[in-house]
Structure formats: C-alpha cells, structure tokens
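S.K.:
Residue numbers (my numbering), protein chains in the order written: chain A, 5 to 549; chain B, 5 to 549.
#1: Give the DSSP-derived three-state secondary structure of residue 446/A in the structure shown.
#2: Listing by chain order, which chain A residues have their CB less than 9 Å from the CB of residue 163/B?
#3: When you compare only the Cα positions, how much space is there between residue 412/B and residue 517/B?
#4: Return the chain-ordered list of same chain residues with a C-beta closer than 7 Å to the C-beta of residue 48/B, the five sequence neighbours on each side being excluded.
#5: Determine the DSSP secondary structure at residue 249/B, reduced to helix, strand or coil.
#6: Quick check: what's the CA-CA separation for residue 357/B versus residue 382/B?
#7: DSSP beta-bridge partners for residue 42/A?
#8: Would you call the stretch 419-429 of chain A in contact with the stretch 397-408 of chain A, where contact means no fewer than 3 C-beta pairs closer than 8 Å?
#9: Check whether the stretch 330-340 of chain A and the stretch 453-468 of chain A are in contact - that is, three or more C-beta pairs closer than 8 Å.
#10: Under 7 Å Cβ-Cβ, which residues of chain A neighbour residue 298/B?
#11: Can you find a C-beta in chain A that's less than 8 Å from the C-beta of residue 17/B?
#12: Rounded to the nearest angstrom, what separates residue 230/A and residue 213/A at their Cα positions?
#13: Below 8 Å on the Cβ atoms is my guess for residue 264/A versus residue 239/A; work out the distance and round it to an integer in Å.
#14: Whole angstroms are fine: how far does the CA of residue 218/B sit from the CA of residue 227/B?
#15: Is it buried or exposed for residue 469/A, if we count other Cβ within 10 angstroms and need 16 for buried?
#16: Are the stretch 346-362 of chain B and the stretch 300-320 of chain B touching by the rule of at least three beta carbon pairs closer than 8 Å?
#17: Taking 8 Å as the CB-CB limit, is residue 389/B close to chain A?
#18: Give a yes or no on whether the C-beta atoms belonging to residue 104/A and residue 112/A are separated by under 8 Å.
#19: Beta-carbon within less than 7 Å of residue 539/A's beta-carbon, same chain only, minus the 5 sequence neighbours each way: which residues are those?
#20: Can you tell me where the alpha helix (DSSP H) holding residue 356/A begins and where it ends?
#21: If the cut is a Cβ gap below 8 Å, which residues of chain A does residue 381/B touch?
#22: Between which residues of its own chain and residue 163/A is the CB-CB distance below 6 Å, once the five residues before and five after are set aside?
#23: Give, in chain order, every residue of the stretch 212-236 of chain A whose Cβ lies closer than 7 Å to some Cβ of chain B.
#24: For residue 142/A, which beta-bridge partners are listed by DSSP?
#25: I need the straight-line Cα distance from residue 117/B to residue 298/B, nearest angstrom please.
#26: Candidates 137/B, 434/B, 253/B, 180/B: which alpha carbon is nearest residue 302/B's?
#27: Taking 8 Å as the threshold (beta carbon to beta carbon), is residue 352/A in contact with chain B?
#28: Please list the residues of the stretch 51-70 of chain B that have a C-beta atom closer than 9 Å to any C-beta atom in chain A, keeping them in chain order.
#29: Pull up the distance between the alpha-carbon of residue 93/A and that of residue 130/A, whole angstroms please.
#30: Mapping DSSP to helix, strand and coil, what is residue 218/A?
#31: Tell me the rounded alpha-carbon separation between residue 335/B and residue 287/A.
#32: Are the CB atoms of residue 418/B and residue 494/B nearer to each other than 8 Å?
#33: Quick one: is residue 38/A buried, meaning 16 or more other Cβ sit within 10 Å of its Cβ, or exposed?
#34: Give me the residue from 341/A, 143/A, 531/A, 535/A with the minimum Cα distance to residue 191/A.
#35: Pick helix, strand or coil for residue 1/B, following the three-state DSSP scheme.
#36: Using a cut-off of 7 Å between C-beta atoms, extract the partners of residue 495/B located in chain A.
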C-alpha cells in the first residue's frame, strides 16, 4: 500500500483556495500510484477557524469542500479533517472529524476525542468530545485514524484527559496509525512531537503517519515537520519545516523501519524561520505586499526589518528614521547603515517640529508641571502616527518591533511604539533577540555591530538607558520566563535564587501592564507561552500588583 | 432554618479584600440568626480569574481564604465558591467547587459538573467536570448544592451537555437547591435566569436559593439579581440589581411560597445601570478616580460623558473639545452645552496647528497624492494623542466613545478615536444609543437635543455624514444583530428580507475590520454577544470578505 502525506498551507475560510491546493496534492498522489492521501486537521476550513465554527453557513461551505473531494476520490482514499455535525441532540453541535472518502463515498468518520482547551486552543468551545473510537478497514489493512490531540495523552505523569483513544482502537488490531494534526510551532515543539510519536509507536507497536499543516495564521505558525515513524521508533521521514511537502511512502518500507531521516532542530534557526513565514503569510493571506517600520538604530527594529526583508523582499520594505533631540548621532548612523546593508528605502523625518506643535497647544495646561512619561509618550506616539500615515497612504502594513521582555513589563507606549499590524518579536526575549542578531550575521554583517553592542535605550530623554528602569535583561528574562512560560509564583522563583526585590518588581510590572497587552498587535508565537489568545488575564485584577 | 444570601462585589485576585467583605456578611448573618450563609461562585478569588488559575500560588492564596473562613464558621454554615485541587492524577488539575464549612470543619465539597466553555466562558480550560453529584445533610435538611451552569441544562431543545447534576441528586431527596453563581449581565439575562430557575423548581418541586455576584470586572458586569424561588415557581425574592445585598430568609416562609417580589426589567434602564457600574468598578478596582474624554458634539461622546459623570461624579470628569477646520460651529456649541449641563471641566484645543505640523513633515512624501483616509486618520489620531497626554499627565483614564455599530464595521481610527482604557458604548448599537439618550433625558435635558437630532458625522472632511459610507443605522443595526448576536449567515439574513447588497457589504466590513477590534479597548458587555474575549475570530481569514 502506498500512502501520500500532504503538508499544506491552508487559509482560514478560504474554502476555494484550500480545495485547489488539496486537489493538486491528490493529482500528485495519483501520479505516484498512491492508494491513500492524508491531509491535516480541519483542512477544509483552516485552523483555527475559531468562532466562524458557530456559523451554520461556514459549516455548510466546509461540507461543500468535502463533497467536492468525495467526487474526486475515485480509486484513491482521501482522509481529510473537517468539522462534522453531531447527530445527537445533547452536547455541542459539532465534532472535529476526519472524513475518509473513497470511490465517491464516505466510508468512515473518526471524531476527535481529546479536545485541547488550553493556551491558544479552544476546542471544547465548539466540539463535543467523541467517546467512540473505531479503526477502519481499507483494502487489506486496518487503520486507526486519530485527530491531533488524540495521541497526546500518553507519557505524562499528570495526563490531561481520562481516556486514550488508541487504547480503545487496539482491540481492532490496526496495522498503522494515521494522525491528522494542526500542531502549532514553538521552538521546542518539533522535538516534543517526535518524542510523543515515538511513545505511541513503541506502546502500540505499529507505525504512524502524522500529517501537519505548515504556514502561519496571524499569530500561530505551523511548522509542518510531518512525521512517518516505524514501529521500532525510527523516524522513517520527517518532512521539512515551513514549506509545502507532498510525499508518497511505501507502507512496506515503513514497516521494515530501516530508514532514519530527521530535520535539524536548532532553536534560533527555527525561530528565525518561523518569524519569516509569520510575516510572509500575514501579508500574503491579507493581500498586502509592502511593510513599513520605524528604525531607531537599536537592535529590535534592526532585526525586525531584516526579517521583513527576508520575508517580503527588499523592494517591499520601507523604513522611517525619526530622530528627536534625544536621538544620538550614533543611532541615526546605525539605522542608516542597516538600511544600506539591506538595500531598502529609508527616509529621515525629524520629529522635533511636530513635537513642538504639541508642546505649544498643551503648554497652557501643563505649565509648571514636571516633565514625565507624558512627554516621552508624545514622542513615541508621533513616531507611531507618522508610520501609520505612511501605512495608510502607501497601503503597507506597519510591523511592530517590541520584544517580549518589553512587552512583558509594559516598557512601551500604547498607540506609539506598541502600534502595528503584527508584532514580530514580541514573543522573543531580549536575550534571544541578541542571539537572533548573531544568527543573522553568521555569514556576513547585515545588522550593524554597533546596534548589537551598545546598551539598549529608548532615547526618549537625555542619556536614558533601559537599565535605568529595568533589571539587566540577563536576569529579567530568566525571571519572566519562570513567571510567563512556567507559571511559577513569586516564592518559587525567589527560591530558585533570584533576588526577591527584582522578582516582585518584575511580576508587578507584568501584571500591571495587562491593559497595554490587551490593545497590542497580534504576536507571532514562537514559544510555549506567547502573549495574545494563549495567555488570558484580567486587566482589573489585584494580584501581585 | 434561616439562610442568608450574600450578593457581593468581588475583586479578582484581591484575596484580602474579598475575605473582608465575606466576613462582614457573615457577621450580619450571625446577627440575623442565620444557620447558613451562601456566597457566589469562585468568591475567594473573584470571577473570571482566567489564567491566574494556572498559578499554584494563586490557588494557594485562595485556599488561605477558605481556611480563614473555616475558622470563622463556628455555629454557622458557610457555602463558598473556590477552586479546589483535583485529587485524581488524570484530568485537569482543578475543580470549580463549592466548599461547605461548618464549626471549623469542611463538611462537604460540591464540584461543578457543567463547565461553560462558550462566549466569554473558558471553564474547561481550567477545570475537570465533576461526574459525581451528592446532596449534603445539614441539621435536619438535605441540601443539593450546585454551581452556576449545573442548573442550566434544562428547558433547551438542543441541550449543551449530556448530563444534568440535579437529576442525579434527586435520588437523595433534597429539601432545597442552593446555586452559587457568577452569571454575567446582558440585557435579556435577568429574565432568562428567572425562567431557568423556574424550570428547575417546577421540575424538581423544591425551592432554590440562587446567589449571584454583582459588580464589574473590566468587560464583564454582574448584575446581582439573586433569586429565592419557591417550589411553586413564585419569585419569593429577587435581590436588587447592581448593588450589594445581604439578606436572611426563613426557609419555612420560602416553602409556603406565598410571596412574589421581582425587580422591574426594562432594557434601556438595565443597560444604563450596567454601563454606570462598568465605569465605576473599572476605576475603583484599578485605583483611579478621574476620567478624560473627547467631546465631538455628537451623541456617542455626549452619552459616554454623562455615564462617566453618573459613575464618577462631575468633579472627576474632564473633557476636551478638539475642533478642526471641518468641525461645525454647531458641534462645538453642542459639546459646550453638554459640559455646562453636566457641570464638568472642559477645555477647547483646536487641532489645526498640530495638523499643519504633520502636513509639513509629510508633504515631501505625499506631494501630488490625493487626500484620502490617511488625512482623516491623522486628525483622529491627533485627538487621541492629546487625550492620552492629558490622561498621562493627570493620572486619568481615557474613556472610549465608539458605539457597537461603528465597532462592527470598523468605522473608527485605530490609535485615534479607537483609543481608551475602556470602551463604554461599544456593545450598544447606534439605534440603542439614541434610546439611551431619551432615557437619560427623561426627567430633564442633560444631552443637548441637537446632539440627538442632527445626522451623525465624524466631521473629518467637509460635509461628511456617516450615511455617505454606511447604510442607515436603522437597517444596518438589524443586519449586524443577525450576524453578530444570532450568528446568521448572509443567505439567512437576506432571506429575512434585507437587501442583499447591504447585507454582503455589512458582513464584509465586519470581517475585514477584525484587525481593528483586536487592538481596541475592552468593551463593557451588555448584550449576549459583545466584542472581546466573548467573540474570537481570526484576523487573516478569507470568509465573506
């Protein structure tokens, strides 16, 4: 038996586009003599469709794609993820299903049993968990079809679910497992995924064909990395990351289990590639070509601009340098040097005159009051406004350059440097931003060395440095990681050996700046806990602050 | 037996404050000779605590409150909602529980079985659904303790859940039901709630004591309206809306069922009161006193300002009038008249000079290009910036005045008029805004008549009217309601008799402006489907747009 796995880039709600991609993959599978082709979870409508699932019209359009695929299934089995209607009157209206189509008939539906409802996942919001799990006969084989999370309840000390769908299907002696996934990237996830698949094949002693999506959906990036694993735990094949891949496998060879082919997994390389596709797909899927950014001469905007160039091409990236009286000559030089290195259009627009016009209208009201964060925010907001004016006038998207350390502690101005259509670095801690800079410069100097070596500063008042108001990033990032990624409380973090003053201050800053994050742009997720829908906290709470 | 119900205003994560409120209510209950006092769902930590529930530290602090209440339970039974730890290793780590404390001992825990995971609710994100339901003996009575949603699975054609906790507890012949709720306000909800409670008491033929929270948590408002219902379906008592209430009931009288006392329920009156407490609590809980708003002379900013005055007092509300060359003299007059009517401080800051300073720096780049939405946005953003400067300088919160019709179709400028700490009217359609105006003016003219009667305009270009770019609000609001509240698709709405061009255009505008709503302020929720965490849609989708 020959099995084709199709690792595709789906577009949410773009039923027509998704159908076209799938038909193309089916044509290839046919040419390669495949008996069966497998697509990803909710492939008809893209993942995550979120509340569009509550619209009957949306479900009907997805069913239309299933019907078209069914018509296209002569002599080839098609396993494809899509929502299906729960026939019972009790419980949620939908299942998250895998449809098995063959010879223009629906021969089987496998409904997902384990519904991830944590972090960025909301599946129990829409779907009823299946309690019935059956393998299916196809030609001379018995196949256990699972959907994503269905295979994830093993190998944990504290499992999230009380059932394990594969346990139930083993009674039917399946020959292999197929898993349709939409499993988002984070920099450790490809490793965890392979370990998890290995736990499954070793436990059940049958091979697995695991098909993932690739491509990004605003904040969520799918890395692909679909896996074929033999029963002995060998990675028979791991598909490339961040690209389309349609490949056909001879089941017999997979069963032999003598091949082992894995992708390399280096954290910073993966993050770089995830961010590039995050930018690229955001523009593609929204139908935009051009990006605009503000360049400060600092490392964050330098990296973001470089990523934008790598995603969209130098001809589609434009930057504004917007010096004030507090901008150092060095910063302007560093920014210019970057623009020249990258070959992008840059314009220099000093903001003093606009600033003075604000000063003049506000003077009667602010007279005699000490300058404070108000004046700093005005500068940041003038820059945000100029960038948005270019964005509006030239039909480009403003990319936000805030890093995760700043976003965590609220070191940024709402409607100023926190503006933008997409926050590229807001899941990357400052210490990781430096690592990205070295990675980007590994072959030749693209990021000016001075942008990397100078002390970080917002340059909103004379001689300002980030270290005036924040702990050193080396320490701060570790504390933030324990609080944000690991959900440790203050006592636990202090017990790890961090200074209690720093810990309590950092946690207070994080909790007090929830109101800023609420209004910040969507963040490309590269870690296991990113800001956005994956981290939901009340604004008005009084906890650790 | 005497039972006290405590309808309190909890503050998320403010364990100390919540404990103080609860002890005060217990003191009152003791004075009134109560045997038993009941608080709301998750009363120790406030509702919704969201991802704070993932912090062990947070759970421990909640357990600390339970211990303190336990110490305080000599001679009085205390039933209080709090998270509890799931002792099983499989499944989620927590239950959403009702702790029954008496004579310094924990005598019973009732765990919630039905976990709302839709709209603003995410309970399955945190909690394991209980599968075991037991009534508890207390003195000579048997009590069925339920938590919120546990009583909501009856009376629907298409029930959301496959179990009904009360069905299981009836085998133990309970004498009455206690329900601890945190059931948010929407303008139809108090009526639905009473119907639901009635379905329960009539089905099970025993009385119910239903205790709710009151007060707001940023976007979510709890109206209180706690209910004591006799087995015959009579509302023995309905507590007042939007205020603290601690009352003691003689069980014997409730069983007799001869009293019937309900609050009046008028849609616009309820919305008005919800918005006022929404503002008031947001400021109180964040520790702010003063609000700032921009007054355009239009109806939305007039209403928002009036609500702010009613919530915070005239002395705490300041407004800016920021005319441009496109502002009519009438608008400035209307705005002044409102400020004078309300007795609030107002300042007039024309924006032309600041606008010119932008024009000057942008001129080299925009030369020869037709003025478009870019220039309109600059005006809106200058106003946003001036308001934020005042907000920063005078430690006040900017209130956003966008209505739901505008927010739906994206008729507003990000970082301009979409700025603010809290969006007061963004769940109120324009047609309802007019009804609010008449309600506010019912005793005396507070909102200038001209603000109500003139055609709506953003005044961002000469002679601009909302109706130039949008359908009439009378039609638009109905279409939006069907799409947003009722989740109807385009075909269904057109079949209702609406013009297909208007419908398709409106739905496209809604879906295309998701990126704006993503970055908009939190919205006080007054309907069954508000923008924010209750409505989750992808930005980058291609559906109906």
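Just so it is clear, CB atoms sit at the ideal spot from N, CA and C, and this is done for glycine as well.
M.R.: The structure says:
#1: Taking the first residue of the first chain as 1, we reach residue 446/A at position 442. Correct three-state label for residue 446/A: coil.
#2: On the second chain, position 159 is the one that residue 163/B refers to. Residues of chain A passing the Cβ test: 93, 94, 95.
#3: Looking up residue 412/B in the second chain gives position 408. Looking up residue 517/B in the second chain gives position 513. Rounded to the nearest angstrom, the two C-alpha atoms are 8 Å apart.
#4: The residue you call residue 48/B lines up with position 44 of the second chain. Contacts found: 19, 22, 66, 69, 70, 84, 86.
#5: The residue given as residue 249/B occupies position 245 in the second chain. The answer is strand: DSSP assigns residue 249/B an E or B state.
#6: In the second chain, the residue the question calls residue 357/B occupies position 353. In the second chain, the residue the question calls residue 382/B occupies position 378. Cα-Cα distance, rounded: 12 Å.
#7: For this step, residue 42/A is matched to residue 38 along the first chain. Answer is 9/A, 83/A, bridged to residue 42/A.
#8: yes
#9: yes
#10: In the second chain, the residue the question calls residue 298/B occupies position 294. The premise fails here: residue 298/B is roughly 14 Å from chain A at the closest Cβ pair, so nothing lies under 7 Å.
#11: Along the second chain, one-based indexing puts residue 17/B at 13. Yes, because at least one Cβ of chain A sits closer than 8 Å to the Cβ of residue 17/B.
#12: Taking the first chain and counting its residues from 1, one reaches residue 230/A at position 226. Taking the first chain and counting its residues from 1, one reaches residue 213/A at position 209. If I take the Cα positions, the gap works out to 8 Å.
#13: Here residue 264/A refers to the residue found at position 260 of the first chain. Here residue 239/A refers to the residue found at position 235 of the first chain. Confirmed, Cβ separation roughly 6 Å.
#14: Residue numbering aside, residue 227/B sits at position 223 when the second chain is read from its first letter. Residue numbering aside, residue 218/B sits at position 214 when the second chain is read from its first letter. Those two C-alpha atoms are separated by around 5 Å.
#15: On the first chain, residue 469/A is found 465 positions in, with the first residue counted as 1. The residue in question, residue 469/A, is exposed, as its Cβ has fewer than 16 Cβ neighbours within 10 Å.
#16: yes
#17: Reading the second chain from its first residue, position 385 is the one you call residue 389/B. At least one chain A Cβ lies under 8 Å of residue 389/B.
#18: If you number the first chain from 1, residue 104/A lands on position 100. If you number the first chain from 1, residue 112/A lands on position 108. For residue 104/A and residue 112/A, yes; Cβs fall inside 8 Å.
#19: The residue given as residue 539/A occupies position 535 in the first chain. So the list reads 533, once near-sequence residues are dropped.
#20: The residue labelled residue 356/A in the question sits at position 352 within the first chain. Residues 356-370.
#21: Stepping through the second chain from its first residue, residue 381/B is reached at position 377. Here the neighbours are 392, 393, 396.
#22: Translated into the one-based positions of the first chain, residue 163/A becomes position 159. Counting only Cβ-Cβ distances below 6 Å, and skipping sequence neighbours, we find 157.
#23: 221, 222
#24: Sequence index remark: in the first chain, residue 142/A carries index 138 (1-based). In the DSSP output, where bridge partners are listed per residue, residue 142/A has 145/A.
#25: Within the second chain, residue 117/B is the residue found at index 113, counting from 1. Within the second chain, residue 298/B is the residue found at index 294, counting from 1. Rounded to whole angstroms, residue 117/B to residue 298/B spans 47 Å at the Cα level.
#26: Here residue 302/B refers to the residue found at position 298 of the second chain. Nearest option by C-alpha distance: 434/B.
#27: As a first step, residue 352/A must be located in the first chain, where it is residue number 348. Closer than 8 Å: no.
#28: 52, 53, 54, 55, 56, 58, 59, 60, 61, 62, 64, 65
#29: Translated into the one-based positions of the first chain, residue 93/A becomes position 89. Translated into the one-based positions of the first chain, residue 130/A becomes position 126. So the alpha carbons of these two residues sit roughly 15 Å apart.
#30: What you label residue 218/A is simply residue 214 of the first chain in a count that begins at 1. Residue 218/A: strand per DSSP, three-state reduction.
#31: Translated into the one-based positions of the second chain, residue 335/B becomes position 331. Translated into the one-based positions of the first chain, residue 287/A becomes position 283. Residue 335/B and residue 287/A: Cα-Cα distance of roughly 40 Å.
#32: As a working mapping, residue 418/B is identified with position 414 in the second chain. As a working mapping, residue 494/B is identified with position 490 in the second chain. No; because the gap between Cβ atoms is not below 8 Å, this pair is not in contact.
#33: In the first chain, the residue the question calls residue 38/A occupies position 34. Buried.
#34: Looking up residue 191/A in the first chain gives position 187. Nearest of 341/A, 143/A, 531/A, 535/A to residue 191/A, Cα basis: 531/A.
#35: The requested residue 1/B is not part of the displayed model; chain B covers only 5 to 549.
#36: On the second chain, residue 495/B is found 491 positions in, with the first residue counted as 1. 61, listed in chain order.
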